[in-house]
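Note that the numbering used here gives residue 38 to position 38 of the sequence shown, counting from 1, and the numbers run on in steps of one.
Here a beta-carbon is modelled for each residue, glycine too, at the ideal position from N, C-alpha and C.
Remember, predicted model here, so these are calculated numbers, not experimental data.
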Amino acid sequence: MLIRSDARQPAAEFVAVETVGANWLALSLERGERVTLDKITSIATSLGADTGTDEILETLKKTIARNHVVTDKSTVKVWHD
């Protein structure tokens with residue numbers, strides 16, 4: 001995921017993609033506050049994060065255009081097709 005440190009309007013549209021079970025960002029945006037997952041239940045354990053900082057969340061709110069949550073199955077299918 002790319003993040004601009006100055007959080008100005010980006011020249012490109014940024015899209016966040018998380019897998020179910022590693023989707024702290026989607027949950028945080030939904031609840032309006034930073035969420036910490038009890039544990040990562042996605043197969044993306046080496047890429048996932050259980051939370052981010054308040055600063056990262058605020059920056060992402062300003063810079064991402066969309067956030068998608070996908071299943072492990074759909075992610076694996078894309079790489080194997």
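Residue environment, residue i, which counts as buried when at least 16 other CB atoms sit within 10 Å
i	result
S28	buried
G32	exposed
T63	buried
Expected contact under 8 Å - CB spacing of residue i and residue j to nearest Å
i	j	result
A47	A16	Inspection of the sequence shows that residue 47 is occupied by Leu rather than by Ala. Actually they do not touch by this definition, with Cβ atoms about 13 Å apart.
W24	D50	6 Å
N67	A22	Their Cβ separation, rounded to whole angstroms, is 13 Å, which puts N67 and A22 out of contact at 8 Å.
Residue i - partner residues in DSSP beta bridges
i	result
I64	F14
6 Å Cβ shell around residue i - same chain, five flanking residues per side excluded
i	result
A12	none
A44	T19 and A22
L57	S28 and R34
Cutoff 8 Å; reference residue i; Cβ partners in own chain excluding five residues on either side
i	result
T71	T19 and V20
T36	W24, D50 and T51
Chain-order list of residues whose beta-carbon lies under 7 Å from that of residue i (same chain, five-residue window excluded)
i	result
T75	T19
F14	L2, T63, I64 and A65
Complete alpha helix (DSSP H) runs within the stretch 12-36 (minimum length 4 residues, chain order): 24-31
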